[in-house]
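Chemist: Residue numbering for the sequence shown follows this note's numbering, starting at 2 and increasing by one per position. Backbone N, C-alpha and C fix where the C-beta goes; we use that ideal spot for every residue, glycine too. Dropping the structure in here first, questions after.
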Amino acid sequence: MPPPVFRFAPSPNGYLHLGHAYSALLNFDLARKSGGRFLLRIEDIDNTRCRAEFETAIYEDLSWLGIEWEQPVRRQSEHLAVYRESLERLEHEGLIFPAFESRSQLKALVQAKDKVSPWPRDPDNGPLYPGDAKGMLQKERDRKIASGAPYVSRLDMAVAVASIGKLSWTEEGVGPNGETGSVEASPERWGDVVLARKETPTSYHLSVVIDDALQGVTHIVRGQDLFWATSVHRLLQELLDLPQPVYRHHKLLFDETGKKLSKSTAATGLRELRAEGATPENIRQLIGLGSP
């Protein structure tokens with residue numbers, strides 16, 4: 002049997018905090034204890050928020066924690082053509098449609114539908130796609146695309162689910178409601194998810210499953226906030242004939258107000274803690290991992 006492969010895949014759109022340290026150290030520890038491999042991947046497809054200084058800080062913070070990773074590091078921005086190939090495959094199979102509504106138009110559509118009855122939401126409480134682009138004639142789509150109209154590429158969820166049938170995944174961790182073991186996937190709860198935008202030929206959902214497959218990742222260990230996104234990932238794996246990894250969703254860390262640590266809320270960062278005199282062992286104690 003080949004050794005298990007674990008990975009930590011941050012986005013360089015801010016500085017790492019304690020929550021990142023927990024996930025990175027947990028993956029690193031599991032790889033070492035199992036005689037496996039540990040990979041670092043930089044998920045930098047968002048060219049409006051990702052910055053070089055944040056990527057440099059990721060390397061510095063992880064090295065300070067005592068984490069070592071294989072080289073070279075995979076940077077998603079260097080592999081856009083690979084994601085585009087998979088998107089084109091899905092398009093060829095009739096599973097993708099262009100949607101031309103702007104964010105403000107989608108918001109207005111949802112508000113109008115909510116006045117009639119509550120519009121369905123996905124597991125992250127975002128509204129499902131409310132537009133009617135799937136019913137647009139092909140010649141109208143071609144005309145709008147040729148005119149340079151901005152659009153996103155959405156997965157036709159109903160068609161995709163019907164083509165695959167029931168799906169599940171092996172959960173070695175625990176979901177938000179105690180789910181573990183064999184978990185039934187429910188990708189339809191996400192509606193017609195965005196798989197690419199005009200300016201970026203991929204999305205998190207699409208690029209993450211392709212990268213994990215190409216890098217031979219066997220064990221995906223990540224936070225519970227991504228538990229239900231696994232349903233979409235399992236669907237894409239089946240549609241693209243990619244291997245199915247084992248999943249382990251771990252606990253999240255929260256601040257003193259009960260909010261999940263995040264870059265957007267300026268949670269205490271590893272750089273700040275290091276500047277205040279914290280040691281890597283202090284960090285392990287703070288996040289409850291103990292000595293390696």
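Measure the C-alpha to C-alpha separation of PRO13 and ALA161 and round it to an integer number of angstroms.
Modeler: In a straight line, the C-alpha of PRO13 is about 32 Å away from that of ALA161.
Chemist: Along the alpha helix (DSSP H) that carries HIS206, what are the first and last residues, could you check?
Modeler: It spans 205-215 - the alpha helix (DSSP H) in which HIS206 sits, taken as one unbroken run.
Chemist: Using 8 Å for Cβ pairs, my map puts ALA32 next to LEU66. What's the rounded Cβ distance?
Modeler: Rounded, the Cβ-Cβ distance is 14 Å, inconsistent with contact.
Chemist: Could you give the DSSP three-state label for ALA147: helix, strand or coil?
Modeler: DSSP places ALA147 in helix when its eight states are reduced to three.
Chemist: Along the alpha helix (DSSP H) that carries SER12, what are the first and last residues, could you check?
Modeler: Note, SER12: premise wrong, no alpha helix (DSSP H); not H, not E.
Chemist: CB-CB under 8 Å to ARG190, same chain, minus the five flanking residues each way: which ones, in chain order?
Modeler: These residues qualify, in order along the chain: ASP123, PRO124, TRP229 and SER232.
Chemist: Tell me the DSSP secondary structure of HIS21 in three-state form.
Modeler: Residue state, collapsed to three classes: helix.
Chemist: Have a look at GLY291 and THR219 and give me their C-alpha separation to the nearest angstrom.
Modeler: Between GLY291 and THR219, the C-alpha separation is close to 25 Å.
Chemist: Between the Cα of PRO244 and those of LYS252, VAL222, HIS250 and LEU215, spot the shortest distance and give me the residue it belongs to.
Modeler: It is LEU215 whose Cα lies nearest to the Cα of PRO244.
Chemist: In terms of residues, what are the limits of the beta strand (DSSP E) holding ALA163?
Modeler: ALA163 -> not in any beta strand (DSSP E); alpha helix (DSSP H) instead, spanning 158-165.
Chemist: Just verifying my parser: in three-state terms, what is the DSSP assignment at SER292?
Modeler: Coil.
Chemist: Look up LEU243 in the DSSP assignment and say whether it is helix, strand or coil.
Modeler: Looking at LEU243 - three-state DSSP - the assignment turns out to be coil, as it is neither helix nor strand.
Chemist: What are the start and end residues of the beta strand (DSSP E) that includes ALA100?
Modeler: Here the beta strand (DSSP E) through ALA100 covers 97-100.
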